[in-house]
Every structure is written in structure tokens, then in C-alpha cells.
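Residue numbers (the working numbering): 4 to 385.
We treat Cβ as the ideally placed atom computed from N, Cα and C, and that holds for glycine.
Here the structure is a predicted model, which is why all the values come from computation and not from measurement.
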Amino acid sequence: MAEPVRSTDAGLRAGAAELKFRDPAKARELAGAMESVCEAVGREVSVMHVCGSHEQSIAKYGLRTILPRRLDVIMGPGCPVCVTDVPEVDEAVVLAADGVRVATYGDMVRVPGTVKSLADAQAEGARVDVVYSAAQAVEIARGTAEEVVFFASGFETTAVATAAVIVADPPPNFSVLSAHKYIPPVMEIVAEMPATRVEGFLAAGHAATITGSALFEPFVERHGIPVVVAGFEPLDVLAGLLKLVELVRDQEPLVVNMYPRCVTPEGNRNAQEQLWRVFRTMGGRWRGIAHVPNGNLRLRDEFAHVDTRKRFQIAVERLWSHAPSALTQVCICGDIMAGIASPNDCDLFGKECTPDAPVGACMVSNEGTCKIWHQYGGHPDL
Ligand code: SF4
């Protein structure tokens, strides 16, 4: 196998700049080139994206209809709402049930905990506010004397925004219940799974805007698996996939930045500084997947005064004597996010489990694979 090299974005800028991002002729050209590469490989090639926005683009624009039959693009654990673990939801539910005002992103409200979601708690009288940003949660706190807890979810991209409000001197009645996750460690987990078929990763362009593409170089060196950073327009995704299958064909474990109009090798240093000033990584469970070492982002001790877990005794145990519903127990979200199953493998998909009546977290979020497939269709039956 060739030696890994540094991020190779030089020379790609000009090509990417010329793309018209939804041009059907260019899309077919890229798909044709992928077909040739897969033919040259002579077997099925499996790659994984780790971003719900990539799955959105693939499903919404019907890209699987033009992908080579021998290319399997697997959805990975790229939906932050879906991987928020049950006890984390339970913490927010208990706080809300105890009269604390909870502000969170819309998708988080309906994610099921052990026995109920925040929406259920709200229906029972709890005060739950849907916000579009961490800053909006701070504004709510400024306008009231009540304690306001921001139940914060999202990957490192969103965590940067949470960090920004924490360092900006929020009011004393504001605190953060962090369910933020950090993507790179879960890629390690997927790469090390004995049953993994993943031969390359398509990394999320927005996260790499913060972290930089060079972040993936140690991963590539450790695992000998290529990583291509891609944007979210249809041609971004197709161009990223083409580069990925070329790297698989050539057995070249490289990091390639195919989103140079936004991503640099070093990323946004100021945002990184802010992120790591406020957060530290710690191990924790990702719903349905596994314990992910260093996969959770938690507030540093310096920010204990803004840390909900330090300010409140959250007695989640009282929920745990309730057995989860029988339907919840057959949800296979974890297998879907680990790339070893698809929504079509779930008996509840589109029947007992729909966006209006979600059983699992993957049917709640707009970045959840089950919801995306329900909305746009998944694998075409060609
Ligand atoms: Fe879980 Fe519903 Fe998806 Fe089945 S369809 S895996 S129950 S979220």
C-alpha cells in the first residue's frame, strides 16, 4: 500500500470552482467515471459517509439511481440527534418534569428517552422551548428569572456555537446540558469493527470547516483507509465519491479535500481554540452503537458554573425502573448507524414507525436515515 501523504487540496480548487453544483450532465459524467472505476476494481466497493446532510443530499436528489451497482454507500453515525443516548434524554426529561425550563433544538424534543420524550413532558405541563441557536436559549434566560437549561446536541460544528455563548458571559440562570458528540472517535470504532465492510469514508465538509481536513491524517495512517472531505451539493457528493472509489481502486490511503471552497487543511483555528477551551472529550455511549472513547464533549471544570450536571442533582434513576416499550426494543437504529443494516431491514419502518409516530431516534431527526428514507426513498429498486 502506498504511504499516506498530507491533505492534497492543491490543484483541486480550480476544478471545484468550475462545477455547477446541480448540473445533470456533469452528474451523469461523474457517475459514469465511478462506474468505470468500480468495473476496474472488479468487486463490490463499500464506503461510508458520516453525515446526515450527505444522506439528505443522496436521497433528496436520487443520487443512488445513478451510482454504480457495485458501489454501496453506507450511512454512518452522522445524525447527532440519533446518537444522543437514552440517559442523556432522560436527564433533560427529569429536569423538565421537575419544573426547570428546558430549551433545545426542535428535533430533540421528540427523541424518546427511557419512558418519555421532552414532548411527552411538555404535554404533561413541563416548560420546553424550541430554539434555533444556543444564543436564542441565552436570550430566553435573559428574559426570565427562571433557571433555563440549554439541552445542547450536535457534533463539533454545533458545539462551537455552544462554546461561544458559554465564554460570552451568559446570565447566572443559564446552564448547558451537553449532549455534544465528537465525530473522529466514532470513525475509529467503525473502522475497527470486525464485521466492517467500510473501505473509505466521506467526511462532512461543514465539520471539517472547523477541524480542518488534516485532522483525518492520523486516522488514515492508523487504518490505511482513505478519507475524502466533501460538500453537500449533488456534484460535491458525486465528486467526493468518485475520488473515494479511485483511492480504493489505487489502494491509496490518503486524505483528500474535495471541498476546498470551504475547508482548509488546518481549519478554523479560532473556532477550534474556543471549542477546546470550553469542552473536553470523554468516553460515553452513542445510542445503539457502542461506548465511544472520547466521543462525548463535556464542559471543562473551569465552566462548572454553566454546567447543568454540576448545578443540579438529576435523578434519572427514577425513570430506569420503567421498561422501554416493546416497539422501542425492536428498533435497529444502532445497526443502521453502524452501517450493518438499512431502514428496509426494520419491520417497523413506515408501518408502526413513521415521522408522525417515531419509535426510534432515526425517524425523528431530519438527519436520521429512517426519516430521510421515509421522505425521499432509500435504495432504489432498480
Ligand atoms: Fe428504529 Fe423506526 Fe428506524 Fe425501525 S424505522 S430502525 S424503529 S427509527
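Three-state secondary structure (DSSP) of G371: DSSP, reduced to helix, strand and coil, places G371 outside both helices and strands of the structure shown, so it counts as coil.
Sheet register partners of V232 (DSSP bridge): For V232, which the question treats as bridged, DSSP gives the partners A206 and N260.
DSSP three-state assignment for N176, whether helix, strand or coil: Coil.
Buried versus exposed, by CB contacts within 10 Å (16 or more), Y135: Exposed, since its Cβ has fewer than 16 Cβ neighbours within 10 Å.
Residues bridged to T357 [DSSP beta-bridge criterion]: Per the DSSP secondary-structure output, T357 pairs in a beta bridge with A360.
Proximity below 7 Å, CB of G298 to CB of G337: In this structure, G337 does not lie closer than 7 Å to G298 by Cβ.
Of the residues V251, G116 and E370, the one placed nearest G319, counting alpha carbons only: The identity of residue 319 in the sequence shown is Val, whereas the question assumes Gly. For V319, the nearest C-alpha among the options comes from G116.
Whether V232 touches S216 by CB criterion (7 Å): Contact: yes.
Supposed contact pair V230 and A206 - C-beta distance, whole angstroms, cut 8 Å: Right, their Cβ atoms sit about 5 Å apart.
Simplified DSSP assignment, three categories, for W376: Reduced to three states, the DSSP call for W376 is helix.
Reduced DSSP secondary structure (H/G/I, E/B, other) of N271: Reduced to three states, the DSSP call for N271 is coil.
Proximity test, L351 beta-carbon vs the ligand SF4 heavy atom, cut-off 6 Å: Checking the Cβ of L351 against the ligand SF4 gives yes.
Test item: CB-CB of V105 and A95 under 7 Å: Going by beta carbons, V105 and A95 fall inside the 7 Å limit.
Buried or exposed (CB count within 10 angstroms, at least 16 for buried), K246: By the 10 Å Cβ count, K246 comes out buried.
Where A155 falls: helix, strand or coil (DSSP): Reduced to three states, the DSSP call for A155 is strand.
DSSP three-state assignment for T87, whether helix, strand or coil: Correct three-state label for T87: coil.
C356 CB to nearest heavy atom of the ligand SF4 below 6 Å: C356 Cβ: within cutoff of the ligand SF4.
Whether Y185 touches L300 by CB criterion (7 Å): Contact: yes.
Heavy atom of the ligand SF4 within 6 Å of G363 beta-carbon: G363: yes, Cβ under 6 Å from the ligand SF4.
Residue range of the beta strand (DSSP E) that includes P296: Residues A293 to L302.
Span of the beta strand (DSSP E), counted from its first residue to its last, around R104: First-last of the beta strand (DSSP E) with R104: R104 to T107.
Counted within 10 angstroms of its Cβ, other Cβ atoms place H308 as buried (16 or more) or exposed: Exposed, by the Cβ-count rule.
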